[in-house]
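Everything below concerns the one structure shown next.
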Amino acid sequence: MKATVHVMLKDGVLDPQGEAIRHALGALGFDGVDGVRQGKVIELDLADGTDEARVREMCEKLLANTVIESYRIDLS
Amino acid sequence: MKAAVLVFPGSNCDRDMAVALREAGADVRMVWHKDAEIGDVDLVAVPGGFSFGDYLRCGAIAANSPVCAALKAHVERGGYALGVCNGFQVLCETGLLPGALMRNAGLTFVCKSTPLRVVTADCVFTEGYGADTVVSLPVAHHDGNYFADAQTLAQLRDEDRIAFAYGANFNGSQNDIAGILSQNRRVLGMMPHPERAVDPATGSDAGRAVFTGLVRQLADA
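From first to last, the protein sequence lines stand for chains A and B. Under this note's numbering, think of the first position of the first sequence as 340, with each following residue one higher. Under this note's numbering, think of the first position of the second sequence as 15, with each following residue one higher.
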């Protein structure tokens with residue numbers, strides 16, 4: 340089984356990289372981009388039967404820094 | 015005074031840190047990241063560099079290495095710790111210091127000498143400078159943009175735990191924070207590099223007071 344973890348900066352935490360991307364899109368002529376947030380996607384190959392609580396523990400302990408980041412887990 | 019300098023794959027200021035501590039009179043040993051014990055020391059120094067290539071987040075992998083479990087135990091026993099640059103990032107990732115260090119607001123790696131204000135002199139690390147003095151130290155980082163929530167920032171201010179503040183904020187750090195102390199004032203994390211400024215022959219000895227103060231006070235303790 341697979342889990343996909345999306346890690347994003349929390350709302351209210353300024354994302355300097357997202358801002359730089361927004362400026363670059365504007366410079367390329369893409370109007371109307373009001374905001375860009377950049378995050379990361381982590382794919383995990385897991386033993387069958389691993390439950391979401393286990394993946395959440397991985398996120399809390401290592402995959403995300405919950406001071407500045409939030410995460411979302413998709414199991415498939 | 016006995017000190018340990020932690021060494022991770024990708025540390026690159028570990029030997030500078032050892033030199034700075036030895037010059038000040040400390041008995042220094044290097045401790046590899048896989049070691050689960052640090053031994054009986056007064057101070058643990060977490061050096062600068064790019065531990066584990068900054069993979070995942072700066073300091074995140076190092077913070078979960080065996081030696082950092084020993085570092086936490088050392089701090090919980092009331093031991094002293096100094097984290098510089100990547101070492102500050104590691105201390106934040108372990109939770110020994112609050113907050114996090116994010117990408118510089120300008121997105122560039124900044125390498126220069128920069129003026130810092132010593133905000134509090136009420137700790138062994140900065141007592142040698144005196145409060146409200148200005149000291150110029152080298153910085154060299156890409157991720158030194160200090161972030162903490164409003165409550166934590168208020169707490170740092172109210173408890174007089176901001177050790178150093180940037181004279182000119184070049185990386186976006188909240189409240190110009192360059193270095194902070196733990197609640198018991200025995201753990202200091204800072205982005206600037208005092209260990210790179212301990213000899214006039216290499217440009218400056220403005221960082222020496224951090225190490226001479228540490229050694230003097232911990233030798234007496």
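Just so you know, even glycine gets a beta-carbon here, dropped at the ideal spot from N, CA and C.
| Item | Value |
| --- | --- |
| Residue 41 of chain B, buried or exposed, once every other Cβ within 10 Å from all chains shown has been counted against 16 | exposed |
| For residue 18 of chain B and residue 170 of chain B, the rounded distance between their alpha carbons | 27 angstroms |
| Stretch-stretch touch, CB-based, cutoff 8 angstroms, three pairs: the segment 380-387 of chain A with the segment 88-108 of chain B | no |
| Residue 400 of chain A (DSSP reduced to helix, strand or coil) | helix |
| Whole-Å CB distance - residue 360 of chain A paired with residue 116 of chain B, under 8 angstroms assumed | Not a contact, Cβ separation roughly 16 angstroms. |
| One or two residues paired with residue 129 of chain B in a DSSP bridge | B:150 |
| Cβ pair residue 187 of chain B, residue 158 of chain B closer than 8 angstroms | yes |
| Meets three-Cβ-pair contact criterion under 8 angstroms: the segment 27-42 of chain B and the segment 394-414 of chain A | no |
| Chain B within 8 angstroms of residue 401 of chain A, Cβ atoms only | yes |
| At least 3 beta-carbon pairs within less than 8 angstroms: the segment 126-133 of chain B vs the segment 150-166 of chain B | yes |
| Proximal chain A residues relative to residue 78 of chain B, where beta-carbon distance stays under 9 angstroms | 400, 401 |
| Cutoff 7 angstroms; reference residue 143 of chain B; Cβ partners in own chain excluding five residues on either side | 132, 135, 149, 223 |
| Cross-strand partners of residue 422 of chain A (DSSP beta bridge) | With chain A covering 340 to 415 only, the question about residue 422 of chain A has no answer from this structure. |
| Where residue 352 of chain A meets chain B, residues with beta-carbon distance less than 8 angstroms | 116, 161 |
| Where residue 17 of chain B falls: helix, strand or coil (DSSP) | strand |
| Residue-chain proximity (residue 359 of chain A, chain B), Cβ-Cβ < 8 angstroms | yes |
| Within 8 angstroms, strictly: CB atoms of residue 376 of chain A and residue 347 of chain A | yes |
| CA-to-CA distance, residue 57 of chain B to residue 395 of chain A, given in whole angstroms | 35 angstroms |
| Where residue 113 of chain B meets chain A, residues with beta-carbon distance less than 8 angstroms | 406 |
| Interface flag, residue 186 of chain B vs chain A, CB-CB below 8 angstroms | yes |
| N- and C-terminal bounds of the alpha helix (DSSP H) containing residue 102 of chain B | 100-108 |
| Cross-chain neighbours of residue 71 of chain B in chain A, by beta carbon under 8 angstroms | 404 |
| Residue-chain proximity (residue 223 of chain B, chain A), Cβ-Cβ < 8 angstroms | no |
| Option nearest residue 178 of chain B by Cα separation, candidates B:55, B:168, B:190, B:30 | B:190 |
| Residue 350 of chain A versus residue 102 of chain B - alpha carbon distance | 24 angstroms |
| Reduced DSSP secondary structure (H/G/I, E/B, other) of residue 192 of chain B | strand |
| From B:54, B:109, B:121, residue whose alpha carbon lies closest to that of residue 16 of chain B | B:54 |
| Nonlocal neighbours in the same chain, by C-beta distance under 6 angstroms from residue 20 of chain B, ignoring five residues either side | 45, 60, 81 |
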